[in-house]
């Protein structure tokens, strides 16, 4: 049995904030007492180099390193040599909300933190995200003038550490396991376990291999608390009176109908919902089914048809990504054909 990992229990973002601050604090040590501190200081400076390199900049020396946690609710602020400032918004499962990224950058650049007056050109905002996230989330952070530092970036730094500090090693193993669980969709079998993180890995693979560069509207399904829980695709083709989108939710592709003015379906649309349900089932050639109930919902567009079992498993028993992606493309083409007929 493996020893318990501290970070299986210390799961809050504050725990990750603490690791970032702790490691960067070692980077600022001008004198060290033993070889263990030398190794941690080196890794801390590797982290600072990696963060600054996202902005194509690296301080020549680290004479003074100041670390501040939760100043004005900013996760981590780091000032180097009394000049260069790293503004780090740290995330694990959650995402930006309430215009955090812009507000925090403005607090720093307008001199409203304990750093006081800061040269705007010497503020380097970083969106530090170790949890699984969509490409759209990355693009949003970039649009707010942040650079994204993700789990792979962090692991590249952590792997440079050759010491045996137990807290450090536990944290690194925690992130490595997260990465392995995310990539395990490539080893899925039809009867095997399919974890939340594996689904997130598959959704990201779909983005990278199908959605990026396509002409359709698309994005992640998720929430502030639940993270990356699916994809949605809305073809640019539309019907005269109705709007549709495909929702990829685990092993189900749902065909969802919006009501008037892009709102979810409302009461009084029963005839329209039944019409589309019948049309999709007919055009699906036996692959689609109608949900058991076509009730109106307040928060989601109505699912009028669904395709369960769109994932394909090959003769070797493993998930066939190419064939599964073809099914997704077929679902999109059937949606377009149905709404235009």
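Numbering (the working numbering), first residue to last: 536 to 876.
We put the CB at the ideal spot given by N, CA and C, even for glycine.
Keep in mind that this is a model prediction, so the values were computed, not measured.
Of 538, 548, 874, 601, the smallest CA-CA separation from residue 777 is found for 874. Rounded to whole angstroms, the separation of the alpha carbons of residue 664 and residue 765 is 18 Å. Distances from the alpha-carbon of residue 593 to those of 601, 602, 583, 599 put 583 closest. Between residue 694 and residue 660, the CB-CB gap reaches or exceeds 9 Å. For residue 861, the enclosing alpha helix (DSSP H) covers residues 856 to 875. Under DSSP, no beta-bridge partner is assigned to residue 646.
The three-state secondary structure of residue 579, taken from DSSP, is helix.
When beta bridges are read from the DSSP output, residue 625 appears opposite 663. For residue 715, the enclosing alpha helix (DSSP H) begins and ends at 701 to 718. Beta-bridge partners assigned by DSSP to residue 754: 767.
Here the alpha carbon of residue 762 sits roughly 8 Å from the alpha carbon of residue 667.
Nearest in C-alpha terms to residue 590, of all of 618, 657, 738, 636, is 657. Membership of residue 604 in the beta strand (DSSP E) is indicated by the continuous run 600 to 606. For residue 676, the three-state secondary structure derived from DSSP is helix. The three-state secondary structure of residue 733, taken from DSSP, is helix.
In the DSSP annotation of this structure, residue 545 is not part of any alpha helix (DSSP H), being labelled neither H nor E. With fewer than 16 other Cβ atoms inside 10 Å of its own Cβ, residue 758 counts as exposed. For residue 839, the uninterrupted beta strand (DSSP E) run begins and ends at 837 to 843, by DSSP. Following the DSSP letters along the chain, one finds residue 689 inside the alpha helix (DSSP H) bounded by residues 686 to 693.
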